[in-house]
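Protein chains in written order, with my numbering: chain B, 128 to 446; chain P, 128 to 446.
A virtual CB, placed ideally from N, CA and C, is assigned to each residue, including glycine.
Only a predicted model underlies this, so the values are computations on that prediction, with no experimental measurement involved.
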């Protein structure tokens, strides 16, 4: 859960004096979010989110993330807009952390994914990709294919503690995926973590996309593969092709996939499943048992990975 | 941190149909709170807190707690007001838990206690005690003196794992406190847990009291002793008599302490320190190391207990 750093009321008041957003009315820690400390902040002028960036986020990346959100919001994407202070800066220090205030988005993230959520997610992802085209700075994806071998290296010695044979299975999968990885698909800025808890809905309509702190410049269709993993498996790990079809069709209607992207869907989905499997495995093996956070089971993604490895082509995803 | 039970958006929408508070706009888990799951809920008519009562709260007590809050709010105390549904009930089921909606209070709890906070806390506690007089139902204090021997019993065998000699020191302190415990002081409804994270301030003024789920019917001056423990020790465990004097004087100005209450302050403070020491010790020894919650160090209260055991009289508290 997500308040790692406490903020004293005096420090907060001093921090707010750098902004023209009125006087503080309420300030509460938010339980959602894993990487950073998030607070809901109400002032006399409205509602905001205050984020303190914790150690997993590289401060050097923060201007890129905040710049991307500002660009996207300016293009009409429903994402948090960083609020600039009187000095024009949207990033400053608070309680020893880099911190930013963003606008508050209405809506509720779906605790249980229904088919009706999937087309709006596909359409919003395409909208994000199109709107991102005008943002010139690039950020390499540290958790893209080049990042997977060192991640596996960091867990290999103890991977079989999690499941017998896991180490060999991951070695084989990683080799197969990297050798088949498509090099020349359309690139752009991707969200890279568009899970249900990062998408808000309000009265049946998608009302916001949040948490851009894994965003990077990479294959656009890889972002779609992340979403297929995140939105289209049932709690029993069965793949729901109806949800996948809805998500893909809505994406394709707004940003048509080319033939190479379509053909690459299985390997992109394999890569996306492997990426979440590897980070979860690393955290599982390296998080102290008494740590603050709930560890997520890496094997949830082994089930997904095996599905994608068995997929014979894009037909498996309903297209 | 405090979201133990997830609520699906469908379940929440169905739940809200029992109320006349408009349509949902936003719903976020709140990080604060340890015992229950709390969510901030915004609807088209305003802001509310949704609480799901987790296993530590006896459902049989909930009508008493909610009735007390309704009574106190009706007397002008700035505390959460339970919202009644169309059926008149303020308590119903959601996601397998008892749940209630209350009004949202503005303000921020003080992460660092300053002297200026203490008089408002004393005055608010006295106001709470006076306003509680008109609420007829009683609730015995399960964590009062009668509850301490079984609590210690549950930890005695392993207490010395936490500090050498702790078991013998607690046995001696418990015997001394129980034999000196005052039987005939003024009684009423007490908050019993008025720590800084349960008191909101806004622009220097106390704006709300929350979390009445330890409230009970007991010695009023014992509640003051809880506050002296909670508000008047510095981070290095030094007792700050200036803060204590401010808290006590403000209380006394609104509800004058009688001579017996004043004389009993040391033993009441000893009992209050022991109460938090014992529950923390029990949790420390019985919470799995990988549990969701941050365990609080019981020895923080051993330092306080020793201070109070050495106090020669109410002078030690500045009165």
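With 16 other Cβ atoms within 10 Å as the buried cut-off, status of residue i
i                      : result
residue 273 of chain B : exposed
residue 407 of chain P : buried
residue 428 of chain P : buried
residue 344 of chain B : buried
residue 454 of chain B : This structure cannot speak to residue 454 of chain B, because chain B is shown only from 128 to 446.
residue 140 of chain B : exposed
residue 370 of chain B : buried
residue 413 of chain B : exposed
residue 268 of chain B : buried
Coil, strand or helix - residue i by DSSP
i                      : result
residue 285 of chain B : helix
residue 385 of chain B : coil
residue 459 of chain B : Residue 459 of chain B is absent from the structure shown; chain B starts at 128 and stops at 446.
residue 304 of chain B : helix
residue 163 of chain P : coil
residue 277 of chain B : helix
residue 144 of chain B : coil
residue 318 of chain B : coil
residue 135 of chain B : coil
residue 227 of chain B : strand
residue 219 of chain B : strand
residue 344 of chain B : strand
residue 185 of chain B : coil
residue 214 of chain B : coil
residue 153 of chain B : strand
residue 369 of chain P : helix
Selected residue, minimal CA-CA separation from residue i, among the options
i                      : options                    : result
residue 264 of chain B : B/381, B/446, B/198        : B/198
residue 314 of chain B : B/322, B/256, B/269        : B/256
residue 334 of chain P : P/325, P/242, P/443        : P/325
residue 205 of chain P : P/336, P/384, P/438, P/389 : P/336
residue 266 of chain P : P/316, P/163, P/292, P/412 : P/316
residue 251 of chain B : B/292, B/437, B/202        : B/202
residue 396 of chain B : B/222, B/145, B/375, B/140 : B/375
residue 253 of chain B : B/391, B/349, B/441, B/168 : B/349
residue 82 of chain B  : B/155, B/148, B/146        : Here chain B comprises residues numbered 128 to 446, so residue 82 of chain B is not present and cannot be evaluated.
residue 229 of chain B : B/200, B/222, B/239        : B/200
residue 394 of chain P : P/346, P/378, P/382        : P/346
residue 172 of chain P : P/189, P/184, P/153        : P/153
residue 215 of chain B : B/278, B/145, B/442, B/270 : B/145
residue 238 of chain B : P/354, P/430, P/137        : P/137
residue 377 of chain P : P/249, P/211, P/309        : P/249
residue 284 of chain B : B/434, B/391, B/409        : B/409
residue 353 of chain B : B/312, B/323, B/380        : B/323
residue 297 of chain B : B/383, B/308, B/190, B/282 : B/282
Neighbourhood of residue i by C-beta distance below 8 Å, restricted to the same chain and skipping five residues each side
i                      : result
residue 226 of chain B : 142, 177, 178, 179, 180, 218, 219, 220
residue 292 of chain P : none
residue 262 of chain P : 194, 195, 198, 199, 316
residue 424 of chain B : 407, 411
Chain B within 8 Å of residue i, Cβ atoms only
i                      : result
residue 237 of chain P : yes
residue 394 of chain P : no
residue 289 of chain P : no
residue 234 of chain P : yes
residue 194 of chain P : no
residue 155 of chain P : yes
residue 141 of chain P : no
residue 321 of chain P : no
residue 128 of chain P : Interpretation of residue 128 of chain P is limited by its pLDDT of 40, a score under 50 that renders its predicted location unreliable; no figure is taken from the coordinates.
Close beta carbons around residue i, own chain, < 7 Å, minus the five adjacent residues each side
i                      : result
residue 275 of chain P : 301, 401, 402, 405
residue 192 of chain B : 339, 340, 342
residue 128 of chain P : Because the pLDDT of residue 128 of chain P is 40, which lies under 50, any placement of that residue in the model is unreliable, and the question is left without a value.
Close Cβ partners of residue i (< 6 Å) along its chain, the five nearest in sequence each way excluded
i                      : result
residue 174 of chain P : 231
residue 131 of chain B : 164, 181
residue 212 of chain B : 145, 146
Residue i at chain P interface by Cβ criterion, 8 Å
i                      : result
residue 151 of chain B : yes
residue 158 of chain B : yes
residue 240 of chain B : no
residue 135 of chain B : yes
residue 173 of chain B : no
residue 252 of chain B : no
residue 426 of chain B : no
residue 197 of chain B : no
residue 329 of chain B : yes
residue 294 of chain B : no
Near the ligand SAH: residue i beta-carbon under 7 Å from a heavy atom
i                      : result
residue 181 of chain P : The model on display carries no ligand, and the ligand SAH is accordingly not part of it.
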